[in-house]
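Asks:
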Amino acid sequence: MKTQTLTPPRGDSATTGPLLSVENLCVELMTASGIVRAVDGVSFEIGRGETVTIIGESGSGKSTTAMGLLKLLPRDLAVVSGDVSITGVDVLADRRAIRKVRGRTVALIPQDPMTALSPVLTVGSQLCEAILVAGRAGSKAEARDRAEELLRKVHIRDPEAQLRKFPHQLSGGMLQRVLIAAALAGEPDLLIADEPTSALDVTVQAGILDLLLEIQEANGTGILMITHDIGVARLVSDRIHVMKNGRFVESGDAVDVVENPRETYTQHLLDSVPRLGAWDESAAPKEG
Amino acid sequence: MSEPFLAVEGLTLDYSTKAGPFRAVDDVSFSVDKGRTLAIVGESGCGKSSVAKCIMRLVAPTAGRISLDGTDLAGLKEAQLRPLRHRFQMVFQDPYGSLDPHLSAQEIVAEPMKTQGLRSKAERSKEVARLFDAVGLPSTSLERRAHEFSGGQRQRIGIARALASKPDLLVCDEATSALDVSVQAQVLRLLQDIQQETGITYVFISHNLGVVQEISDSIVVMRRGEIVESGATADVLQTPRTDYARTLRRAALDPSAMTGIKPRHIVSALAASA
Ligand SMILES: Nc1ncnc2c1ncn2[C@@H]1O[C@H](COP(=O)(O)OP(=O)(O)OP(=O)(O)O)[C@@H](O)[C@H]1O
Ligand SMILES: Nc1ncnc2c1ncn2[C@@H]1O[C@H](COP(=O)(O)OP(=O)(O)OP(=O)(O)O)[C@@H](O)[C@H]1O
Ligand SMILES: [Mg+2]
Ligand SMILES: [Mg+2]
Numbered sequence: 001m002k003t004q005t006l007t008p009p010r011g012d013s014a015t016t017g018p019l020l021s022v023e024n025l026c027v028e029l030m031t032a033s034g035i036v037r038a039v040d041g042v043s044f045e046i047g048r049g050e051t052v053t054i055i056g057e058s059g060s061g062k063s064t065t066a067m068g069l070l071k072l073l074p075r076d077l078a079v080v081s082g083d084v085s086i087t088g089v090d091v092l093a094d095r096r097a098i099r100k101v102r103g104r105t106v107a108l109i110p111q112d113p114m115t116a117l118s119p120v121l122t123v124g125s126q127l128c129e130a131i132l133v134a135g136r137a138g139s140k141a142e143a144r145d146r147a148e149e150l151l152r153k154v155h156i157r158d159p160e161a162q163l164r165k166f167p168h169q170l171s172g173g174m175l176q177r178v179l180i181a182a183a184l185a186g187e188p189d190l191l192i193a194d195e196p197t198s199a200l201d202v203t204v205q206a207g208i209l210d211l212l213l214e215i216q217e218a219n220g221t222g223i224l225m226i227t228h229d230i231g232v233a234r235l236v237s238d239r240i241h242v243m244k245n246g247r248f249v250e251s252g253d254a255v256d257v258v259e260n261p262r263e264t265y266t267q268h269l270l271d272s273v274p275r276l277g278a279w280d281e282s283a284a285p286k287e288g
Numbered sequence: 001m002s003e004p005f006l007a008v009e010g011l012t013l014d015y016s017t018k019a020g021p022f023r024a025v026d027d028v029s030f031s032v033d034k035g036r037t038l039a040i041v042g043e044s045g046c047g048k049s050s051v052a053k054c055i056m057r058l059v060a061p062t063a064g065r066i067s068l069d070g071t072d073l074a075g076l077k078e079a080q081l082r083p084l085r086h087r088f089q090m091v092f093q094d095p096y097g098s099l100d101p102h103l104s105a106q107e108i109v110a111e112p113m114k115t116q117g118l119r120s121k122a123e124r125s126k127e128v129a130r131l132f133d134a135v136g137l138p139s140t141s142l143e144r145r146a147h148e149f150s151g152g153q154r155q156r157i158g159i160a161r162a163l164a165s166k167p168d169l170l171v172c173d174e175a176t177s178a179l180d181v182s183v184q185a186q187v188l189r190l191l192q193d194i195q196q197e198t199g200i201t202y203v204f205i206s207h208n209l210g211v212v213q214e215i216s217d218s219i220v221v222m223r224r225g226e227i228v229e230s231g232a233t234a235d236v237l238q239t240p241r242t243d244y245a246r247t248l249r250r251a252a253l254d255p256s257a258m259t260g261i262k263p264r265h266i267v268s269a270l271a272a273s274a
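These protein sequences, in sequence, are chains A and B.
All residue numbers for the first sequence refer to full-length UniProt numbering, where the first residue is 1 and numbers rise by one.
All residue numbers for the second sequence refer to full-length UniProt numbering, where the first residue is 1 and numbers rise by one.
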């Protein structure tokens, strides 16, 4: 809800080339104990209407990849190199270019809710601000209506009441859905979603995934999904990249990666999924 | 029969909001025996974290009793609670806001040992290193601050901190939600080993039924602040009675079982596969 500006009308590059093209992305972090290469030569592309997913173990560099390509890492912490273009705009070369595309062309659902939300403002005022800044409403009243509609879309009950609350008055999963609503507010061409459903139970999660895919179908939105949930990855992705120690160790068609993993590491990830045993659906249901 | 280690009776919590009181927990009762694990499941916003915060006495319940090893916590004042605090610990759902940004990871994990005055500095460092290793964090990262870790790494710092004071009761609020399956398996094994060794009691909040099946002895299912179903884990998972528990079962995303499901219409696909 910070750093969002209007984009110029979509040019030719937006309709022809890939939405996102990343080539040899490297992110080096300056830490007290020296330089850490958190992302080490990563390349991928996302076309219109496509979902590309990065899976991988905790600490492998997934969030740093997302933050790096959006230039959201503090300059004194990170050195980002490589080529990144979003709808044809080279965002690494020109420092101002990224600000032009954030919000309306590309939006992020961050893993950490509080990087995007202020604790001292109500959810409603922040969501309305995001809508107004993205130019998706003409007046405050219109923005309010749109905010309510967005919360309803992410399956939040009694949206009007939630808009008046402060972030700490929402549950973990509600907060996560507010972030999703905020990212969708700008109707971006490209959505980068960092663990967007990690706090949600399967029923709400299914609703959110459906919503994202619906929006994708209607608008041709490209999605970069980051998740540690292989079930989610299998359902939504066209292609999957498996990340380990800052590199992609396996890449391919979603179905291939999940069903015929080549790397032992990917196999290991699949094997560790806790499986539920059989259950009896015929047992008499009780009202609940 | 001996009294259960943790007994919650008629627990009710009203939050005060601009629009008046909001009842987040409504007459909730359950109990857990020593050395056992109770799981709380239920849809987002149903009141799970609120129950956890009541048990930890981070909020004062509006009504009800919370007895821990025979002591009623709900009635105690903060000063009376303080000497007991190290006995019950919590892993918070939000791995970002719950870690002090001014401290190093090492200091965060050592903090609960310090306030107990239990160990010398050298002993503390040794114990911190052991906990780091147990949750799979590299020993080279001890000096870093919380914001210099990934989401899942922060979650593990929270777990290490909660285990540091060797509590009798640990409330885990979505403690493995940011972890990939292999690290998650390692953490679950760790928690089970500690339980075998020490007889620690867990209240385990999770939206992941696979995890719940693995770790818990009994389950309560919540909906809109109330308990709608409860029982032994195997029973609730094998023969879920309420609509909500049945939908949860149906929607559990097992990647190997989804070969037939076409992406794009997940909700309807799940409903159809029922
Ligand atoms: N500010 C920082 N200083 C030093 N190291 C950092 C910093 N931020 C991140 N790291 C390290 O960089 C690596 C990549 O972190 P990143 O957040 O990208 O992981 P991730 O794949 O998103 O993990 P998770 O699934 O746990 O969120 C990690 O090992 C992390 O410890
Ligand atoms: N401090 C607060 N003030 C007012 N309402 C609150 C406060 N904290 C939580 N609530 C409300 O209480 C309800 C229960 O929230 P809680 O955090 O207990 O849910 P939860 O079951 O943990 O959900 P999740 O799975 O999403 O984490 C929600 O409707 C939430 O908006
Ligand atoms: Mg991350
Ligand atoms: Mg919660």
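A virtual CB, placed ideally from N, CA and C, is assigned to each residue, including glycine.
(1) Consider the Cβ of H207 of chain B: report whether some Cβ of chain A lies at a distance smaller than 8 Å.
(2) Among A:L200, A:L150, A:P196, A:L170, which has the Cα closest to the Cα of L184 of chain A?
(3) Since I86 of chain A contacts T105 of chain A with CB under 8 Å, what's their CB separation in whole angstroms?
(4) Would you please state the rounded distance, in angstroms, between the beta carbons of P61 of chain B and A74 of chain B? I believe it to be under 8 Å.
(5) Please confirm if the stretch 93–101 of chain B is in contact with the stretch 117–132 of chain B, defined as three or more CB-CB distances below 8 Å between the two stretches.
(6) Nearest to G103 of chain A by alpha carbon, out of A:R239, A:L127, A:E23?
(7) Examine the Cβ distances between the stretch 147–166 of chain A and the stretch 184–203 of chain B and report whether three or more of them are shorter than 8 Å.
(8) With 8 Å set as the bound, which would you pick, yes or no: does the beta-carbon of L179 of chain B sit closer than that to a beta-carbon of chain A?
(9) For G47 of chain B and A24 of chain B, I'd like the C-alpha separation in whole angstroms.
(10) Among the residues of its own chain, which have a CB less than 6 Å from the CB of V178 of chain A, if the five just before and after it don't count?
(11) Between the C-alpha atoms of M243 of chain A and V41 of chain B, what's the straight-line distance to the nearest angstrom?
(12) Chain A partners of E107 of chain B, CB-CB under 7 Å?
(13) Whose CB is closer than 7 Å to a heavy atom of ligand 4? List the residues in chain order.
(14) What residues are listed by DSSP as bridge partners for D271 of chain A?
(15) Reducing DSSP to helix, strand and coil, say where N24 of chain A ends up.
(16) Contact check, I208 of chain A vs T53 of chain A under 8 Å by CB: the rounded distance?
(17) Bridge partners for E250 of chain A per DSSP, in chain order?
(18) Is V36 of chain A near ligand 1, in the sense that its beta carbon is under 7 Å from a heavy atom of that ligand?
(19) Please state the DSSP three-state secondary structure of A105 of chain B.
(20) Beta carbons nearer than 9 Å to chain B: which residues of the stretch 182–213 of chain A have them?
(21) Check whether chain B comes within 8 Å of N260 of chain A, counting only Cβ atoms and requiring the distance to be less than that.
(22) From what residue to what residue does the beta strand (DSSP E) around G10 of chain B run?
(23) On the CB-based measure, 16 or more other CB atoms within 10 Å of its CB, does T3 of chain A come out buried or exposed?
(24) Can you tell me whether S31 of chain B is helix, strand or coil according to DSSP?
(25) What residues of chain A sit near residue 280 of chain B, judged by a beta carbon separation below 8 Å?
(26) Measuring only from the beta carbon, is Y15 of chain B closer than 7 Å to any heavy atom that is part of ligand 2?
(27) Just list the residues that DSSP pairs Q89 of chain B with in beta bridges.
(28) Expressed to the nearest angstrom, what Euclidean distance is found between the alpha-carbon atoms of V204 of chain A and E43 of chain B?
(29) Closer than 6 Å by C-beta to A232 of chain B: which residues in its own chain qualify, once you throw out the five before and the five after it? Chain order, please.
(30) To which residues does DSSP link P21 of chain B through a beta bridge?
(31) CB of H155 of chain A to nearest heavy atom of ligand 2: below 7 Å?
(32) Using only the alpha-carbon positions, how far apart do V171 of chain B and D229 of chain A sit?
(33) Let me know if S256 of chain B comes out buried or exposed under the rule of 16 or more other beta-carbons within 10 Å of its beta-carbon.
(34) Which chain A residues sit within Cβ distance under 7 Å of residue 275 of chain B?
(35) Considering only the alpha carbon of each residue, which of A:R157, A:G186, A:V39, A:V120 lies closest to R136 of chain A?
(36) Buried or exposed: which applies to H207 of chain B, given that a residue is buried once 16 or more other Cβ atoms fall within 10 Å of its Cβ?
Replies: Once the coordinates are examined:
(1) Along the second sequence, read from residue 1 onward, the residue named residue 207 of chain B stands at position 207. Closer than 8 Å to some Cβ of chain A, the Cβ of H207 of chain B qualifies, so yes.
(2) Sequence index remark: in the first sequence, residue 184 of chain A carries index 184 (1-based). Comparing Cα-Cα distances from L184 of chain A to each of A:L200, A:L150, A:P196, A:L170, the minimum goes to A:L150.
(3) For the purposes of this step, residue 86 of chain A is taken as the residue at position 86 of the first sequence. For the purposes of this step, residue 105 of chain A is taken as the residue at position 105 of the first sequence. Between the beta-carbon of I86 of chain A and that of T105 of chain A there is about 6 Å, and that keeps the pair under the 8 Å contact cut.
(4) Counting from 1 along the second sequence, the entry for residue 61 of chain B is found at position 61. Counting from 1 along the second sequence, the entry for residue 74 of chain B is found at position 74. The pair is a contact, with the Cβ atoms about 5 Å apart (cut-off 8 Å).
(5) no
(6) Residue 103 of chain A sits at position 103 when you count from the first residue of the first sequence. Nearest Cα to G103 of chain A within the set A:R239, A:L127, A:E23: A:L127.
(7) no
(8) By 1-based counting over the second sequence, the position of residue 179 of chain B is 179. L179 of chain B counts as touching chain A.
(9) Numbered from 1 along the second sequence, position 47 holds the residue referred to as residue 47 of chain B. Numbered from 1 along the second sequence, position 24 holds the residue referred to as residue 24 of chain B. When rounded, the distance between both Cα atoms is 5 Å.
(10) If you number the first sequence from 1, residue 178 of chain A lands on position 178. Closer than 6 Å at Cβ, skipping near neighbours: V123.
(11) Numbered from its first residue, the first sequence carries residue 243 of chain A at position 243. Numbered from its first residue, the second sequence carries residue 41 of chain B at position 41. Going by the C-alpha atoms only, they are around 31 Å apart.
(12) Here residue 107 of chain B refers to the residue found at position 107 of the second sequence. Residues of chain A passing the Cβ test: none, with the nearest at roughly 14 Å.
(13) Shown in chain order are the residues whose CB sits closer than 7 Å to a heavy atom of ligand 4: A:S171, A:G172, A:G173, B:K48, B:S49, B:Q93, B:D173, B:E174, B:I205.
(14) Numbered from 1 along the first sequence, position 271 holds the residue referred to as residue 271 of chain A. DSSP output for D271 of chain A lists no bridge partner at all.
(15) Within the first sequence, the letter at position 24 stands for residue 24 of chain A. In this structure, N24 of chain A counts as strand in the three-state DSSP scheme.
(16) To locate residue 208 of chain A, count along the first sequence from 1; it is residue 208. To locate residue 53 of chain A, count along the first sequence from 1; it is residue 53. The Cβ separation is near 15 Å, so there is no contact.
(17) Taking the first residue of the first sequence as position 1, residue 250 of chain A is located at position 250. DSSP, once it has assigned bridges, lists A:V242 as partnering E250 of chain A.
(18) Here the question's residue 36 of chain A lines up with position 36 in the first sequence. Yes, the beta carbon of V36 of chain A sits closer than 7 Å to at least one heavy atom of ligand 1.
(19) Locating residue 105 of chain B in the second sequence gives position 105, where the first residue counts as 1. In the structure shown, A105 of chain B sits in a helix (DSSP, three-state: H, G or I).
(20) D194, E195, S198, A199, L200, D201, V202, T203, V204, Q205, A206, G207, L209, D210, L213
(21) Position 260 of the first sequence, counted from the start, is the residue given in the question as residue 260 of chain A. No, no contact with chain B.
(22) Translated into the one-based positions of the second sequence, residue 10 of chain B becomes position 10. Residues 6–17.
(23) Taking the first sequence and counting its residues from 1, one reaches residue 3 of chain A at position 3. In this prediction, T3 of chain A has a pLDDT of 39, which is less than 50 and means its spatial position is unreliable; what the coordinates show is noted afterwards. When all chains shown are included, T3 of chain A counts as exposed.
(24) Stepping through the second sequence from its first residue, residue 31 of chain B is reached at position 31. Of the three classes helix, strand and coil, the one that applies to S31 of chain B here is strand, per DSSP.
(25) The shown model of chain B, from 1 to 274, leaves out residue 280 of chain B, and the question about it has no answer.
(26) For the purposes of this step, residue 15 of chain B is taken as residue 15 along the second sequence, with counting starting at 1. Because some heavy atom of ligand 2 lies under 7 Å away, the Cβ of Y15 of chain B counts as near it: yes.
(27) In the second sequence, residue 89 of chain B corresponds to position 89, counting from 1. BP columns for Q89 of chain B point to B:L170.
(28) In the first sequence, residue 204 of chain A corresponds to position 204, counting from 1. In the second sequence, residue 43 of chain B corresponds to position 43, counting from 1. Cα-Cα distance, rounded: 8 Å.
(29) As a first step, residue 232 of chain B is located in the second sequence; it is residue number 232 there, counting from the start. Contacts found: S218.
(30) Against the second sequence, residue 21 of chain B aligns to sequence position 21. Beta-bridge pairing links P21 of chain B to B:S16.
(31) Position 155 of the first sequence, counted from the first residue, corresponds to residue 155 of chain A. The answer is no for H155 of chain A.
(32) For this step, residue 171 of chain B is matched to residue 171 along the second sequence. For this step, residue 229 of chain A is matched to residue 229 along the first sequence. In a straight line, the C-alpha of V171 of chain B is about 24 Å away from that of D229 of chain A.
(33) Locating residue 256 of chain B in the second sequence gives position 256, where the first residue counts as 1. For S256 of chain B, the pLDDT reaches just 44, beneath the cut-off of 50, and the residue's location in the model is therefore unreliable, although a value from the coordinates is still provided. It counts as exposed.
(34) Outside the modelled stretch of chain B, which goes from 1 to 274, sits residue 275 of chain B, for which no answer is possible.
(35) Taking the first residue of the first sequence as position 1, residue 136 of chain A is located at position 136. Taking only the C-alpha atoms, the option nearest R136 of chain A is A:G186.
(36) On the second sequence, residue 207 of chain B is found 207 positions in, with the first residue counted as 1. With a 10 Å radius around the Cβ and a threshold of 16 neighbouring Cβ atoms, H207 of chain B comes out buried.
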